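Our numbering applies: residue 3 is where the sequence shown begins, and numbers increase by one.
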Amino acid sequence: LRDGGSPEGSDSKFFDWTILLCDGATEVEYSGRCYYLDGSGGVCDDGYVLAPQAALSTIANDFEGKTQKHQTQNNCCIDHLNEVSEGQDWGMPTHCLLPGPFPAGNPVLGGMGCTNTHIHETQQLTLCATGEQIELGGHVSTFNGPRGYKFYAPQDMRITDLFVPKDANEEVQHLQVILIRSLPNDFDTLFWQANIDADQWTTVDIDVDAGELIGILGVRGLDLVQTTYQDGPHTTQMFGTDVELSRIYSNVGDIKTAALTTVVPEVGKTGRIEMLIAPR
C-alpha cells in the first residue's frame, strides 16, 4: 500500500492481491521475489535477472534444503548483479562443488574465501531473482543536463534496480524516480540518490500500481552531469506489453545536491536509464 498502512487502515476498499508461487525445491521467497542459486555462469533463466548479493544478508539461511536450479557449480563464489563494483563476497564453505540439497551455513559471507573476488567460470554459482530488464534503444548522442523518460505502468509492478549506462560519461551516477500527477511541478519524488558508484546498480524497490505515471531521470558526472540519449519516444516491453518511454528533462536545480523539483515533458530524444522490474 502506498500509504504504508495495513489493508484495514487504508482508504482503499478493494484489493487485488497477487500470490507469488516460488519453486519450493530451488527457490526462496523474499520481498515479493523468488531467488535461486545455480551453476549457470552468471546467466539467469527467462523471467529472472541477476540479483544483488545484499539480499543474501537476509535470505542465506533460507537456502538450507534447497538445490541448484539446474546444475552444480564449478566455482563456489556467488556471482550477482553488482559483482563489478562489489566483488563476490558470498560462497559455499562446506558444500562447494556438490549438488544440493544445501546444508545449513551454505552460503555464508566470506565462505570458501570469497571476499571481493571476480571469478567467472562457465558454471559459476549465480544468484538470480524474478524480474526482467527493459530494452533500451542505442546511444545516439550526449547532452549536458538531467534527462530521462516517463511511462505508464502496464500492471502492478516493482522497479527493483536502476543503472545509468556509461556511453556519455563513466563517472558517478545520479538518479531520481518520480510519481507524476501533472508536470512540471506536481509530482512526488519516490527515490533520489547522488554520487552513486560508477559500476553499481542501485536497488530502489519501488512498488508501482497499474496505470501510474512514473518518471526516471539519470545522469553521470562529478562536475558536469551528462545524459546518454536514445531516439524517442521509444517503445519497449514490460511483461509482454508494449510501453512507450517519452522524454522528460529539467534545466532547473542541481540533481547532484538535491532532488529536482521541476521536470518538463517534451517530444524528442529520451535519456537512457537501465531498469530492472518485477511483477507483484
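Ideal Cβ positions, reconstructed from N, Cα and C, are used throughout, including at glycine.
Quick caveat: nothing in here was measured; it's all calculated off a predicted structure.
- Here residue 77 is buried: its Cβ has 16 or more other Cβ atoms, across all protein chains shown, within 10 Å.
- With contacts defined as CB atoms closer than 9 Å, residue 36 and residue 45 fail to qualify as a contacting pair.
- Measuring C-alpha to C-alpha distances from residue 156 to each of 120, 194, 212, 138 identifies 212 as the nearest.
- Put simply, the backbone Cα of residue 244 is about 17 Å away from that of residue 272.
- Two segments are said to touch when three or more pairs of C-beta atoms, one from each, lie closer than 8 Å; by this definition the stretch 217-237 touches the stretch 169-182.
- Between residue 175 and residue 197, the gap from beta carbon to beta carbon is short of 9 Å.
- Residue 23 places its beta carbon 9 Å or farther from that of residue 131.
- Annotation: residue 223 to residue 148 spans about 11 Å, alpha carbon to alpha carbon.
- In this structure, residue 252 keeps its C-beta atom at 9 Å or more from the C-beta atom of residue 153.
- Boundaries for residue 87: no beta strand (DSSP E) harbours it, while the alpha helix (DSSP H) harbouring it runs 85-88, taken from the DSSP string.
- Within the DSSP bridge table, the entry for residue 273 names 231 as partners.
- By the C-beta density criterion, residue 206 is buried, having at least 16 other C-beta atoms within 10 angstroms.
- Taking a contact as a CB-CB distance under 8 Å, the pair residue 68 and residue 103 counts as one, their CB atoms being some 6 Å apart.
- In the structure shown, residue 108 falls within a coil segment according to DSSP collapsed to helix, strand and coil.
- For residue 215, the three-state secondary structure derived from DSSP is strand.
- Secondary structure at residue 257: coil, using DSSP grouped into helix, strand and coil.
- If you check the CB distance, residue 97 and residue 108 come in under 9 Å.
- Note: residue 209 is bridge-paired with 160 in the DSSP secondary-structure output.
- Cβ contact annotation for residue 42 (same chain, cutoff 6 Å, sequence separation greater than five): 128, in chain order.
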